[in-house]
Amino acid sequence: MQINRNPLHLSILIFFLFVAPGGSANAATEESELFAINCAACHGDNGDGGIGIPLALPDFLASVTDDYLFKTIRHGRPGRIMPAFQHLDDEQTWAIVRHIRSWSSGKVKLSPEGAPGDPEKGREIFARYCARCHGPLGKGGAGTGINFTRLHDHPVVAPGLNNPGFLAAASDQIIRTTLLKGRRGTPMLPAAKMGLSSQDVDDVVSYIRSFEKELQRPTKTAMVPAKPTLIATSTDSFAETVENIRQAISEKRLRIIRQHYLDDGLVAQGEENKKQLVIHFGSIQQINTLLTIDPRMGLFLPNRLTVMEQDDGKVMVTAVNPLRFGALFNNANLEHTSRELYKIYSAILEEVSE
Ligand code: HEC
Ligand code: HEC
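The end of the sequence shown is residue 354 by my numbering, with every number in the run present.
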């Protein structure tokens with residue numbers, strides 16, 4: 001018997017020595033790769049934050065469960081830049097959760113469950129103590145905390161709490177824990193430091209939970225996806241159309257920043273198609289505003305219109321529809337400025353079409 005067992009033990013030992021450790025090292029690489037591909041661009045290679053808030057802070061990791069992390073990845077935060085990663089399967093999502101956990105050796109330590117609070121009192125407390133950072137209705141702070149490459153005065157933007165993704169992920173106990181402990185290394189202070197009692201905390205938690213009812217109500221203005229491009233056909237010649245556009249831009253008190261041929265740099269100098277012109281325009285203030293709300297808007301700035309003479313001699317003017325920006329970047333804060341931009345583009349295109 002004993003002689004028979006030994007080889008079995010030995011093979012189990014060999015399995016753990018050579019196969020298992022090798023396997024887990026690969027798993028760790030996979031975990032960090034999944035994070036690098038999907039998350040690092042916003043949250044930083046080591047979870048130290050960027051466009052997305054930091055994930056490696058010990059206070060954060062001690063106050064949230066794995067289930068919270070899993071659901072946050074799955075649902076994202078609609079309208080708050082953080083995308084929903086529904087294309088990742090359960091296994092990949094858990095792998096990312098494990099990677100986030102690897103940044104802290106500390107244990108998850110939730111505060112005890114609170115008693116049901118009074119949401120009406122919570123509303124008042126929220127308006128007084130929380131709204132200046134989290135927005136009057138808890139929709140979240142504006143901007144990303146990053147403007148160009150320098151840090152803004154608030155290094156971390158307050159997340160949206162009146163948000164279906166947050167509410168689906170966070171239990172009352174997690175919200176309560178976050179309030180009681182705060183998050184060291186961010187502007188989020190512990191409740192006691194803000195002058196709030198334990199009863200106040202229960203009231204605020206009930207108020208935050210009450211956002212859920214509001215969100216469940218169907219909205220009348222369901223988002224109709226805007227068409228991706230704005231197009232106008234001009235009855236004037238190419239040169240006249242360009243002149244009309246330049247004039248319309250200056251009437252809007254915007255500046256022409258530069259213009260170049262569409263195939264500039266793609267063909268030898270002098271060989272460019274002179275009947276395909278890109279006009280960049282805008283105002284520095286508007287560009288700054290948009291970049292503060294979302295640095296990725298840099299892809300579309302300065303504003304640009306493309307003027308092209310087609311083979312049949314007709315002149316076409318096209319632009320990316322600014323109404324798409326909010327949805328493209330999952331950033332509801334872009335919607336106001338996008339609508340303003342849309343009005344400007346439409347007015348210019350209308351003048352050209354006459
Ligand atoms: C000075 C600005 C500021 C104030 C005031 C403030 N917060 Fe925060 N809060 C933040 C920031 C910034 C974060 C994100 C911290 C991080 O990066 O982990 C945060 C995080 C949170 C979170 C976690 C959200 C999430 O997605 O993980 C909750 C819940 C929260 N705050 C609730 C409140 C409530 C309720 C109040 C009022 C009693 C309040 N905060 C007051 C700035 C603030
Ligand atoms: C395009 C940018 C972007 C990407 C990509 C992104 N996030 Fe986020 N994430 C954010 C932002 C911004 C927030 C804060 C939401 C808010 O302001 O309401 C956030 C919030 C979070 C939170 C909540 C943090 C807290 O304090 O409760 C977690 C967890 C998180 N992200 C994890 C991830 C993971 C994991 C990935 C990759 C699978 C990922 N994010 C990819 C931008 C991003």
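Note that CB positions come from ideal geometry on N, CA and C, so glycine has one too. Quick caveat: nothing in here was measured; it's all calculated off a predicted structure.
Annotation for Asn46: Ala56, Trp103 place their beta carbon closer than 8 Å to its own, counting only its chain and skipping 5 residues before and after. The beta carbons of Cys130 and Gly138 sit closer together than 9 Å. Bridge partners of Glu309 according to DSSP: Val315. For Ile293, the Cβ stays outside the 8 Å cut-off from all heavy atoms of ligand 2. In this structure, ligand 1 has a non-hydrogen atom nearer than 8 Å to the beta-carbon of Arg132. Looking at the DSSP output, Ser234 bridges to Val315.
For Leu69, the shortest separation between its Cβ and any heavy atom of ligand 2 lies below 8 Å.
The alpha-carbon separation between Thr233 and Ala319 amounts to approximately 12 Å. Judged by beta-carbon spacing, Ile37 lies beyond the 9 Å limit of Phe126, meaning their Cβ atoms are not closer than that value.
At least one heavy atom of ligand 1 lies less than 8 Å from the C-beta of Gly49.
When Glu351, Ala347, Leu334, Ala115 are compared, the shortest CA-CA separation from Ile81 is found for Leu334. Relative to the Cα of Gly79, the nearest Cα in the group Thr337, Glu340, Asn331, His336 belongs to Asn331.
With fewer than 16 other Cβ atoms from the protein chains shown falling within 10 Å of its own Cβ, Ser105 counts as exposed. Considered as a whole, the stretch 189 to 215 harbours 191 to 194 as its complete alpha helix (DSSP H) runs of no fewer than 4 residues, in chain order. Distance from the Cα of Phe329 is smallest, within the candidate group Gly52, Gln310, Phe211, Ala27, for Gly52. In the DSSP assignment, the residues bridged to Ile279 are Gln259, Leu305. If you ignore the 5 residues before and after Arg258, its C-beta comes within less than 7 Å of the C-beta of His280, all in its own chain and listed in chain order. DSSP places Gly114 outside any alpha helix (DSSP H), giving it a letter other than H or E. Beyond the five residues adjoining it in sequence on each side, Leu196 comes within less than 6 Å, by CB distance, of no other residue in the same chain. Cβ-Cβ separation between Lys275 and Met308: approximately 7 Å, consistent with a contact (criterion under 8 Å).
Within the same chain, and ignoring the five residues on either side of Ile175 in sequence, the residues whose Cβ sits closer than 7 Å to its Cβ are Val205, Ile208. Taking the Cβ of Ala168 as the reference point, every heavy atom of ligand 1 lies at 8 Å or farther away. Where Lys227 is concerned, there is no enclosing alpha helix (DSSP H), because DSSP gives it neither an H nor an E. Of the heavy atoms belonging to ligand 1, none sits nearer than 8 Å to the Cβ of Val320. In this structure Leu69 touches Val97 by the C-beta definition: roughly 5 Å separates them, less than 8 Å. Annotated three-state conformation of Val320 is strand, per DSSP. No Cβ-Cβ contact shorter than 9 Å links Gln86 with Arg77. Phe325: member of the alpha helix (DSSP H) spanning 325 to 328, first to last residue. In the pairwise beta carbon analysis, the stretch 26 to 37 is classified as not touching the stretch 158 to 170: fewer than three pairs are separated by under 8 Å. Exclusion of the five residues before and after Ile293 leaves Ala142, Gly143, Thr144, Asn331, Asn333, Leu334, Thr337 as the residues of its chain whose Cβ lies within less than 8 Å of its Cβ. Looking at the backbone, the Cα of Arg324 and that of Gln286 are separated by about 17 Å. For Arg80, the beta-bridge partners assigned by DSSP are Asn331.
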